[in-house]
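Since the structure comes first, as structure tokens, the remarks are kept for the end.
Protein chains: 2
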Amino acid sequence: MKNRIRERRLAKGWSQEYLSEIVGVSRQTIISLENGKYNASLVLGHKLAQAFECAIEDLFIFERDENI
Amino acid sequence: MKNRIRERRLAKGWSQEYLSEIVGVSRQTIISLENGKYNASLVLGHKLAQAFECAIEDLFIFERDENI
DNA sequence: GCTTTACGTAAGGTGTACTTTACATATTTT
DNA sequence: AAAATATGTAAAGTACACCTTACGTAAAGC
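Residue numbers (numbering that gives the first Met the number 0), protein chains in the order written: chain A, 0 to 67; chain B, 0 to 67.
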């Protein structure tokens with residue numbers, strides 16, 4: 000699963016730290032998500048989508064036959 | 000976070016086992032999700048939404064100030 | 001009566017989403 | 001030159017999202 004977090008964050012002119020405060024996670028979590036270290040949870044995905052004023056499906060790119 | 004998995008599954012006339020095969024998880028996982036034992040991951044949430052032909056936000060009910 | 005179907009609980013294991021702390025480095029600001 | 005800002009890596013811990021196996025029970029079908 001890929002995501003557009005960095006792209007959307009930069010479009011808003013936000014730092015990683017500012018975004019982490021908005022959605023209530025550590026800065027490390029934002030770094031790891033942007034660099035594809037792991038996937039967000041559903042709750043965090045929802046909060047990020049809210050921060051960027053878009054749908055979850057617009058922020059995360061689901062590939063076919065993705066592993067759980 | 001609540002969800003409408005059971006409601007949507009029954010509307011389709013599906014058993015838990017059938018749904019579990021469609022989305023590629025164990026039957027236990029479906030039981031636990033329906034009974035609110037834990038939250039789905041983003042990837043599983045997406046697969047479930049696809050199975051029910053709806054958006055993730057339509058299947059999961061996000062509450063305000065939800066913990067990560 | 002027996003078997004099948006559907007749903008549920010229990011218990012123990014693995015991988016990962018997220019945390020905290022610490023340190024490094026490049027760019028910008030004073 | 002020194003300080004502040006932004007991004008990144010590393011490492012170790014915790015919680016939970018999955019798994020598997022096994023067993024219980026109630027309803028429906030043969």
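Quick reminder that beta carbons are idealized off the backbone N, C-alpha and C, glycines included.
Does the count of Cβ pairs from the region 29–37 of chain A and the region 30–43 of chain B closer than 8 Å reach three? Taking 8 Å as the limit for Cβ pairs, the verdict is that the region 30–43 of chain B does not touch the region 29–37 of chain A.
Can you give me, in chain order, the residues of the region 24–53 of chain A that have a beta carbon less than 9 Å from any beta carbon in chain B? Those residues of the region 24–53 of chain A that come within reach of chain B (Cβ to Cβ, closer than 9 Å) are V24, T28, N38, A39, S40, L41, V42, L43, G44, H45, K46, A48 and Q49.
What is the DSSP secondary structure of K46(A), reduced to helix, strand or coil? The sequence position of residue 46(A) within the first sequence is 47, counting from 1. Here K46(A) sits in helix by DSSP.
Cα-Cα, which of F61(B), K46(B) and E20(B) is closest to Q77(A)? An answer regarding residue 77(A) cannot be provided, because it is not within the stretch 0 to 67 covered by chain A.
S40(A) and S40(B): beta carbons closer than 8 Å? Locating residue 40(A) in the first sequence gives position 41, where the first residue counts as 1. Locating residue 40(B) in the second sequence gives position 41, where the first residue counts as 1. Taking 8 Å as the Cβ cut-off, S40(A) and S40(B) qualify as a contacting pair.
Which residues in chain A have a C-beta closer than 7 Å to the C-beta of I55(B)? List them in chain order. Against the second sequence, residue 55(B) aligns to sequence position 56. Result: I55 and E56.
By how many angstroms is the C-alpha of R8(A) removed from the C-alpha of L18(A)? Here residue 18(A) is taken as the residue at index 19 of the first sequence, counted from 1. Here residue 8(A) is taken as the residue at index 9 of the first sequence, counted from 1. Cα to Cα, the separation comes out at about 8 Å.
What does E65(A) reach in chain B if we use C-beta pairs closer than 7 Å? Position 66 of the first sequence, counting from 1, holds the residue named residue 65(A). Residues of chain B passing the Cβ test: V42.
Could you check what DSSP says for I67(B) in three-state terms: helix, strand or coil? For the purposes of this step, residue 67(B) is identified with residue 68 of the second sequence, where counting begins at 1. Looking at I67(B) - three-state DSSP - the assignment turns out to be coil, as it is neither helix nor strand.
Among D64(B), E20(B) and H45(B), which one has its Cα closest to the Cα of M0(A)? In the first sequence, residue 0(A) corresponds to position 1, counting from 1. Closest in C-alpha terms to M0(A), from the list D64(B), E20(B) and H45(B), comes H45(B).
Give the secondary structure of K36(B) by DSSP, where H, G and I count as helix, E and B as strand, and everything else as coil. Within the second sequence, the letter at position 37 stands for residue 36(B). K36(B): coil per DSSP, three-state reduction.
Supposed contact pair I55(B) and I4(A) - C-beta distance, whole angstroms, cut 8 Å: For the purposes of this step, residue 4(A) is identified with residue 5 of the first sequence, where counting begins at 1. For the purposes of this step, residue 55(B) is identified with residue 56 of the second sequence, where counting begins at 1. With a beta-carbon spacing of about 16 Å, I4(A) and I55(B) fall beyond the 8 Å limit used to define contacts.
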